[in-house]
Every structure is written in structure tokens, then in C-alpha cells.
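Following the numbering used here, the numbering of the sequence shown begins with 9 at its first residue and continues without gaps. Beta carbons: idealized from backbone N, C-alpha and C, even for Gly. Here the structure is a predicted model, which means the values were calculated and not measured.
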Amino acid sequence: MSIERLSILGSTGSIGVQTLDIVRRYPQRFKVTSLVAHSRWEELAKQAREFEVESVVIGDERHYEALRNALADTNIEVMAGSEAINHVARSYRSDTVVNALVGYAGLHPTYLAIESGKRIALANKETLVVGGDIIMSAARHKGVDIMPIDSEHSAIMQCLEGEQRKAIRNLIITCSGGALRNTPREELESVTPEMALKHPQWSMGAKITIDSATLVNKGFEVIEARWLFDIEPERIKVVVHPQSIVHSMVEFTDGAVKAQLGTADMHTPISYALLYPERAEEAMEQFSILNYPTLTFLDVDREKYPALDIAYEVLHRGGTAPCTMNGANEVAVAAFLAHKCKYTDIVGAIRYALDNASFEKSPTLSIYDDANIESRELARRHLKLDK
Ligand code: NAD
Ligand code: MG
Numbered sequence: 009m010s011i012e013r014l015s016i017l018g019s020t021g022s023i024g025v026q027t028l029d030i031v032r033r034y035p036q037r038f039k040v041t042s043l044v045a046h047s048r049w050e051e052l053a054k055q056a057r058e059f060e061v062e063s064v065v066i067g068d069e070r071h072y073e074a075l076r077n078a079l080a081d082t083n084i085e086v087m088a089g090s091e092a093i094n095h096v097a098r099s100y101r102s103d104t105v106v107n108a109l110v111g112y113a114g115l116h117p118t119y120l121a122i123e124s125g126k127r128i129a130l131a132n133k134e135t136l137v138v139g140g141d142i143i144m145s146a147a148r149h150k151g152v153d154i155m156p157i158d159s160e161h162s163a164i165m166q167c168l169e170g171e172q173r174k175a176i177r178n179l180i181i182t183c184s185g186g187a188l189r190n191t192p193r194e195e196l197e198s199v200t201p202e203m204a205l206k207h208p209q210w211s212m213g214a215k216i217t218i219d220s221a222t223l224v225n226k227g228f229e230v231i232e233a234r235w236l237f238d239i240e241p242e243r244i245k246v247v248v249h250p251q252s253i254v255h256s257m258v259e260f261t262d263g264a265v266k267a268q269l270g271t272a273d274m275h276t277p278i279s280y281a282l283l284y285p286e287r288a289e290e291a292m293e294q295f296s297i298l299n300y301p302t303l304t305f306l307d308v309d310r311e312k313y314p315a316l317d318i319a320y321e322v323l324h325r326g327g328t329a330p331c332t333m334n335g336a337n338e339v340a341v342a343a344f345l346a347h348k349c350k351y352t353d354i355v356g357a358i359r360y361a362l363d364n365a366s367f368e369k370s371p372t373l374s375i376y377d378d379a380n381i382e383s384r385e386l387a388r389r390h391l392k393l394d395k
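In C-alpha cells, the structure reads:
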């Protein structure tokens with residue numbers, strides 16, 4: 009098998025670092041050609057040396073000089089800024105792009121990578137939340153595979169192997185309930201970022217951990233599933249499963265339900281996405297069902313977690329509505345993490361943006377850019393944040 013050349017966008021983050029763990033195990037299979045990170049230039053330089061990459065991009069241009077100096081004794085090309093990220097996404101130097109950026113910033117790179125015919129390993133779910141329609145039709149048109157790096161979607165994909173589409177009745181996405189699962193609704197107003205960042209099962213980046221606490225993440229995963237598996241939203245169900253052992257399920261027309269189980273470790277979905285149709289020869293951590301004698305499942309409390317119904321609502325409205333939800337959420341989560349708004353203001357900002365944003369039924373990528381800017385401004389106005 010010829011060596012597969014990878015570009016990893018977001019290499020210093022939670023998914024990026026775990027992707028490099030997998031790559032390290034398969035030196036004959038993968039060669040990392042480019043790495044992209046936002047601001048942690050020292051770690052990026054270290055990764056660049058270890059994997060002997062051809063190019064690196066630092067998103068925040070203020071760190072360009074420091075990164076260039078740190079790699080001055082190498083032949084590694086050093087670039088900065090969002091145009092350089094786009095350049096890496098479409099560069100002929102890689103076969104596969106692992107997109108592990110956070111937020112709207114992931115949309116254009118995914119699109120450009122598809123346009124240039126590359127395989128996509130997609131952790132950046134915001135790409136599909138915002139532009140699922142455009143992205144999936146571009147992927148079909150170009151004949152490129154989009155492999156999900158999200159435990160639920162990886163589980164569903166594994167359950168669907170060898171099955172016929174017409175036999176699918178429902179997709180059942182599991183949800184841990186996030187850090188505030190046991191916090192009563194009346195106490196949500198006073199939740200601090202520190203409390204919401206304590207995810208019971210998964211160790212992830214800050215933004216997705218807050219999204220897990222509000223269930224915005226689960227709403228986004230419903231939207232992600234709608235596009236990845238081309239299925240009507242009514243047939244995508246969510247159940248709370250506090251142990252995070254069943255990563256998701258598929259219910260078939262004959263009454264059979266298939267589930268995929270394992271430890272809460274993203275190395276498995278990452279290796280599945282990279283090695284498919286093969287599997288990693290060894291898990292990072294072995295799983296024993298005997299350690300989990302009790303697995304429980306319950307309904308989502310829709311009043312405590314209004315974000316889930318908002319996600320179904322924007323999915324039904326279509327057009328720019330999911331983009332508006334995403335942009336307002338990004339601003340509100342950053343504000344919450346900076347102690348500039350309350351936990352409950354996150355959904356408030358999303359609601360305000362959706363009620364006040366302009367709406368376009370059939371957007372192009374540049375209309376998404378405008379809708380993203382508008383929703384961020386609306387959220388800022390609602391939260392009374394300085395520009
Ligand atoms: P993270 O915050 O740990 O890492 C993000 C990475 O992207 C960092 O390397 C950062 O430098 C880079 N980055 C962010 N914005 C950038 C920008 N504008 N320009 C350049 N670089 C930028 O995040 P994460 O937890 O690894 O999540 C990455 C994506 O994967 C998110 O979309 C998240 O929803 C998804 N995801 C994560 C997990 C998980 O376990 N962490 C699971 C499923 C899905
Ligand atoms: Mg997930």
C-alpha cells in the first residue's frame with residue numbers, strides 16, 4: 009500500500025494530538041505533510057520537527073515570527089493566517105485532510121479540500137452544521153469520502169456496515185448528559201465555566217465541553233447525522249446514556265437494534281476514520297463489558313436542555329438557520345468561558361440571533377460567511393459585549 013499523506017488542521021488540540029498518536033503507530037502507512045494550529049506555536053514547532061513535515065501554518069499571524077525563528081534551521085515552510093490554512097487544505101501535497109479545527113473556521117478548509125478531491129476525516133462538526141447540504145453535494149460530485157471523527161457518527165457508520173438503506177428505521181444517538189446532568193434546572197443560572205468544563209466521561213477541548221453541557225453539541229450531532237447519513241430529522245432520536253459506553257445505535261425495520269460499544273476514547277473513532285476499512289491492530293485501552301454491569305438509558309429533559317429542540321427547529325427551517333445558531337453559540341460560549349455571561353445566556357443568545365437574523369433559504373458559501381458575521385453581531389448585542 010502506498011503511503012497516505014495527511015494534513016492535520018488543529019494539530020495541537022484534543023483531536024489533533026490524538027490523531028498524531030495514531031499516526032505514530034503507523035509510520036509505514038501515513039506521512040504527515042502539513043500541520044495547522046491557532047496560537048500554540050511552540051507545540052506546533054515541536055510536532056513539525058517530530059513528524060518532519062513539509063509545511064506549518066499558525067492561524068494567529070502574531071505568532072508567525074516566533075514560529076519561523078523556531079524552525080529557522082529546518083526546510084519546513086512556515087505560513088500564517090486563514091488564507092494559508094485554505095492553501096494547505098487544497099494543496100497537492102496531501103491525500104487526506106484531518107479537519108480538527110473548532111467552529112466556523114473549519115467550513116472553508118473542508119470545502120476546498122473536497123474540491124481538490126481529497127479524502128476528509130472530519131472532526132469539525134460545525135462544517136456540517138453550517139453547510140451540510142453544500143458540503144455533502146460537493147463530496148458526492150467529487151466522489152470523495154467524508155469519514156466522521158465523532159464517536160456517535162463513527163458508531164452509526166460501524167452499525168450500518170453491510171446493511172441496506174431501506175432497512176434503517178431510526179438512528180439513536182446517545183448522550184452522556186454532560187457536566188450538568190445532575191444539576192437541577194433552577195441552579196443552571198449560577199453555573200460557572202469551571203463547573204461546566206468538568207465533563208464526566210470525555211476529555212475534550214473547551215468549546216465542545218461547554219456545548220456538551222448545554223446539549224448544543226447533541227443538537228449539532230443530530231444535524232451532522234442528518235447530512236452524513238442522508239436521513240430525515242424525525243428518524244434521528246437522542247437518548248441519555250450516562251456511562252458513555254454505547255456510542256450510538258441503529259434500529260432496523262425488522263426490530264433489530266445494533267449498537268457499538270467501547271471505552272470513551274476518541275482514539276478508536278480516529279483510527280477507524282483513518283484506517284477504514286481496516287481496523288487498528290490494538291486499542292489504546294482494552295475494553296471489558298464486565299466493568300460495566302449496568303448500562304442505563306433515559307429520555308432527555310427537553311425543558312432543562314432547550315438547545316436540542318432548537319437544533320431540530322433550525323434543521324427544519326434549513327437555509328442559513330443552522331449557521332445562525334452556530335455563530336451565536338460560538339460567541340456566547342466564548343463569553344461564558346471568559347465569565348462575561350451566564351450559562352443560561354448561551355441559549356438566550358442563540359434564540360435572540362435566530363429571532364432577529366435575516367434568512368436565506370438557498371445559501372452559497374459567501375452567504376454563510378455573511379450569516380455567520382450577522383449572527384455573531386446579534387449575539388454580541390444580546391450579551392452586551394464590546395466589539
Ligand atoms: P481543541 O480546542 O482542543 O483544538 C482545536 C485545534 O484547532 C487547536 O489545534 C487550535 O489551535 C486549532 N484552531 C482552532 N481554531 C483555529 C483557527 N481559527 N485557525 C487555526 N487553528 C485553529 O478542540 P477539539 O476538542 O480537538 O475539537 C476539534 C473539533 O472536533 C471540534 O469541531 C469538536 O466539536 C470536534 N470533536 C471533538 C471531540 C473531542 O473529543 N475533543 C469529539 C468529537 C468531535
Ligand atoms: Mg460526539
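query                                                                                                          : result
Own chain partners of Gly21 with C-beta closer than 6 Å, once the 5 adjacent residues on each side are dropped : Ala108 and Gly213
Given 8 Å, three or more beta-carbon pairs between the stretch 215-225 and the stretch 292-304                 : no
Proximity of Tyr119 and Asn380 at Cβ, strictly below 8 Å                                                       : no
Ser159 Cβ short of 7 Å to ligand 4 heavy atom set                                                              : Because ligand 4 does not appear in the structure shown, any question about it cannot be addressed here, the ligands present being ligand 1 and ligand 2.
Backbone CA spacing between Ser279 and Ser47 [nearest angstrom]                                                : 26 Å
Contact check, Gln166 vs Gln268, beta carbons under 8 Å                                                        : yes
Check whether Phe398 and Leu179 have beta carbons under 8 Å apart                                              : Lying before the first or after the last residue shown, residue 398 is absent from the chain, which here runs from 9 to 395.
8 Å Cβ cutoff met for Val138 and Asn337                                                                        : no
Which residues DSSP lists as bridging Gln268, in chain order                                                   : Ser256
Nearest-angstrom Cα separation, counted from Leu283 out to His275                                              : 12 Å
Element boundaries [beta strand (DSSP E), containing Leu43]                                                    : Phe38 to Ala45
Contact test: Ile143 Cβ vs ligand 1 heavy atom, cutoff 7 Å                                                     : no
Where Ile66 falls: helix, strand or coil (DSSP)                                                                : strand
Nearest candidate by alpha-carbon position, reference Glu311, set Val31, Thr217, Phe38 and Arg189              : Arg189
Beta-carbon proximity of Val246 to Ile181, cut-off 8 Å                                                         : yes
Helix, strand or coil at Val106 [DSSP, three-state]                                                            : strand
Closest by C-alpha distance to Cys331, when choosing among Pro301, Glu382 and Ala315                           : Glu382
Bridge partner(s) assigned by DSSP for Glu178                                                                  : Going by the sequence as given, residue 178 is Asn instead of Glu. Looking at the DSSP assignment, Asn178 forms a beta bridge with Glu259.
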